[in-house]
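See the structure below:
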């Protein structure tokens with residue numbers, strides 16, 4: 041069994057540990073937390089493909105460093121973060137549920153009135169680190185639509201498995217799924 045998959049993302053190579061989802065299916069664990077070089081390069085590559093936008097939105101938590109760096113590089117002063125739990129300072133909260141491939145249970149994403157006001161009538165770019173089943177992406181779409189924002193693009197660093205075949209997303213690189221031997225089965 042292979043333990044790692046080497047990937048090149050925007051000129052940055054990383055060895056991704058292979059993690060078991062089921063007895064016969066493994067994924068490459070892509071984590072940008074703490075990896076400034078990878079985050080900066082990925083943000084630059086995504087911005088080169090991005091349509092014109094007014095504001096970006098991502099889900100807590102792995103999208104945070106990416107959207108922050110994209111905002112910094114593009115000169116945006118703000119972005120929206122869909123939280124996994126409402127905070128005391130959040131007023132007039134709206135929510136939607138999501139079941140992600142990497143999470144055991146259903147999660148809920150929340151935004152508040154401040155976020156609604158930031159997105160209402162604006163060109164919104166949805167950003168994530170990896171798009172796989174598209175469930176997290178769909179949850180963000182629901183929140184943007186509820187807020188009255190206009191989705192102009194959906195982007196991720198990696199398209200995992202069959203996500204590479206979607207024509208509604210842009211991404212930097214494909215990340216295959218893996219069999220029990222660590223061999224790519226899609227991508």
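Residue numbers (the numbering used here): 41 to 227. Think of the CB as a built atom: it goes at the ideal place given N, C-alpha and C, for glycine as much as any other residue. The structure displayed is predicted, hence computed values, not measured ones.
Apart from the five residues just before and just after residue i, which ones in its own chain have a Cβ nearer than 6 Å to its Cβ?
| i | result |
| --- | --- |
| residue 220 | 64 |
| residue 222 | 41, 42 and 58 |
| residue 227 | With a pLDDT of 49 at residue 227, under the threshold of 50, the predicted position of this residue should be treated as unreliable, and no value is reported. |
| residue 55 | 44 and 46 |
Output needed for residue i: all residues of its chain with C-beta closer than 8 Å, excluding positions within five of it in sequence on either side, in chain order.
| i | result |
| --- | --- |
| residue 81 | 49, 50, 51 and 52 |
| residue 108 | 119 |
| residue 100 | 121, 122, 123, 124 and 149 |
| residue 166 | 96, 97, 98, 177, 180, 181, 184, 191, 193, 194 and 195 |
Could you tell me the boundaries of the alpha helix (DSSP H) in which residue i lies?
| i | result |
| --- | --- |
| residue 110 | 104 to 114 |
| residue 155 | 153 to 159 |
| residue 89 | 76 to 89 |
Which of the three DSSP states, helix, strand or coil, is assigned to residue i?
| i | result |
| --- | --- |
| residue 133 | coil |
| residue 22 | The question about residue 22 has no answer here: the residues shown for the chain are numbered 41 through 227. |
| residue 201 | helix |
| residue 209 | coil |
| residue 218 | strand |
| residue 168 | strand |
Suppose you measure from the CA of residue i to the CA of residue j; what does that come to, to the nearest Å?
| i | j | result |
| --- | --- | --- |
| residue 171 | residue 203 | 6 Å |
| residue 179 | residue 190 | 15 Å |
Mind reading off the beta-carbon distance from residue i to residue j? Whole number of angstroms is fine, and I expect it under 8 Å.
| i | j | result |
| --- | --- | --- |
| residue 122 | residue 149 | 4 Å |
| residue 92 | residue 163 | 6 Å |
Whose C-beta lies closer than 7 Å to the C-beta of residue i among residues of the same chain, with five residues either side of it excluded?
| i | result |
| --- | --- |
| residue 87 | 110, 113 and 114 |
At what residues does the beta strand (DSSP E) containing residue i begin and finish?
| i | result |
| --- | --- |
| residue 178 | Per DSSP, residue 178 belongs to no beta strand (DSSP E); it is in the alpha helix (DSSP H), 175 to 187. |
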